[in-house]
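Below: the structure, in structure tokens.
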RNA sequence: GGAGGGCUCGCCUAGUGGCCGAUGGCGGCGGUCUUGAAAACCGCUAUGGGGUAACACCCAUCGUGGGUUCGAAUCCCACGCCCUCCGCCA
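Take a look at the structure:
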């Protein structure tokens, strides 16, 4: 939800933001009108209530003779209040509806345009070359006994998989590496629920345009999260946080579920695009003034993680038309996938400014001691399945083995290579090299 | 799934139809006293909306939503959450 005061003071800024997104500018005027209408309705109801309150008080002090007349007047006012309150409710609902249609204001500097207008900020690492026929991650994974799509489909349907043997170990190794690095950077590690109630889902903006993407458990009125961002943001709803010691940062691990509606035919092979995967997500609460800096920090942690995995990547600044409704700015990191000879999204970090927090009522105490709406930011540290896919492809060797990045070895029993048919080393902690 | 108990201001608590936005204590902030601190004493100490240049002022909020009533923290209904016991269970 955008700030209505800002809308009142500077509607042109909101219109300009809509234009950059390629979104409907007239929604801004609808919202402004709904806001004005609501204020009018509130004022009317408030005034009537004040009058009725006074009339009510008068009932007590009335003498027996005047009592009937006073009561009559109070009764009449009560009826009027009821009507005015009904109108107020309607105006409220209309405002809310209009409010939900307007996405967050985009930051200055966000590229205009859509999916194809993302700007590459930098490219890091050498694109690898191979002097043998490159295999895709599924071929490699199957040869290693790491990925089993067929049985995933048998048990759960398309876009489900089993990670087996070295694949399962890789999952845990990546989770460990991600969490360990996050903790070292000062994040509080969190294991978050992947089933959440409607408020958290709606508050984070996932029940709007992308509702089709979400699995719902109808019977219990719960949703499966597409990212632990939902639970992490919801964790502090209706709270006033103490941010005097700096941003509040969480690294949340959870399973993530996505219906992938509308992605038919895309990435049907392997585990790049699946209905379920596990992810370590960074989430940060901070004062709005600090959000842009915090965003850069999240991006830096993402980059360092990929560097530790020895993966070449590029950083892109997502164009306004391709931002989610909550984001004011978004950076994706795309890593190189040799089988596709292209960079593919591996992580994504969004600055949601106060947009989510306003809906979820997440505040912090300002220096004046007054509560203010906080900013929220999120960023992928490691989307595990897709990262496994990328690792297998980038680090594949001519003989079918796969190089293990040094940083991962402590959680893989110290092995330097994954080899078809290898006996699995017990993943006992090995001191980092 | 069944049976009970509970949900009031940061925390604990008083309050069973108007005098209650709400008592008292703790905590926090400011002051008096003190070389300093503690103790003691005094004062302040919610949030949201509307309104204002800023105040003033008005409205709402006692888990949530309805209802009864001129008037509800207090009465009625539904729901949510927490606790205890029983059943089931990783």
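In my numbering, the protein residues as written are 6 to 438. Quick reminder that beta carbons are idealized off the backbone N, C-alpha and C, glycines included.
Item	Value
Status (buried if at least 16 other CB within 10 Å, exposed otherwise) for residue 93	buried
As assigned by DSSP and simplified to three states, the class of residue 211	coil
Same chain, Cβ closer than 6 Å to residue 217, five either side skipped, listed in chain order	266
Residue 192 versus 168, 253, 146 and 222, residue with shortest Cα-Cα distance	253
Residue 247 to residue 128 span [Cα, whole Å]	38 Å
Segment limits, alpha helix (DSSP H) that includes residue 171	171-189
Residue 203 versus 271, 364, 393 and 400, residue with shortest Cα-Cα distance	364
Supposed close pair residue 210, residue 23 - CB separation, criterion 8 Å	Their Cβ separation, rounded to whole angstroms, is 16 Å, which puts residue 210 and residue 23 out of contact at 8 Å.
Reduced DSSP secondary structure (H/G/I, E/B, other) of residue 395	helix
Simplified DSSP state of residue 161, which is helix, strand or coil	helix
Pair within 8 Å by beta-carbon distance, residue 201 and residue 239	yes
Length-filtered (4 minimum) alpha helix (DSSP H) runs lying within the segment 214-295	234-239
Close beta carbons around residue 72, own chain, < 8 Å, minus the five adjacent residues each side	64
Proximity winner among 33, 29 and 26, relative to residue 14 (alpha-carbon distances)	33
contact_flag[the segment 97-110, the segment 33-49] where n(CB pairs < 8 Å) is 3 or more	yes
Continuous alpha helix (DSSP H) stretch holding residue 145: start and end	142-149
Cβ contact (3+ pairs, closer than 8 Å) linking the segment 313-323 and the segment 378-398	yes
Assumed close pair residue 11, residue 18 - CB separation to whole angstroms, cut-off 8 Å	7 Å
Residue 111: CB within 7 Å of a non-hydrogen atom of the ligand PLP	In terms of ligand content, the structure shown is empty, and the ligand PLP therefore cannot be addressed.
Nearest residue (CA-CA) to residue 407, options 359, 367, 164 and 135	135
Stretch pair the segment 290-308 + the segment 404-423: three plus CB contacts closer than 8 Å	no
Those residues which DSSP pairs with residue 168 across a bridge	152
Per-residue DSSP class, three states only, for residue 14	helix
N- and C-terminal bounds of the alpha helix (DSSP H) containing residue 370	Note, residue 370: premise wrong, no alpha helix (DSSP H); beta strand (DSSP E) at 368-370.
C-alpha gap between residue 162 and residue 281, whole angstroms	11 Å
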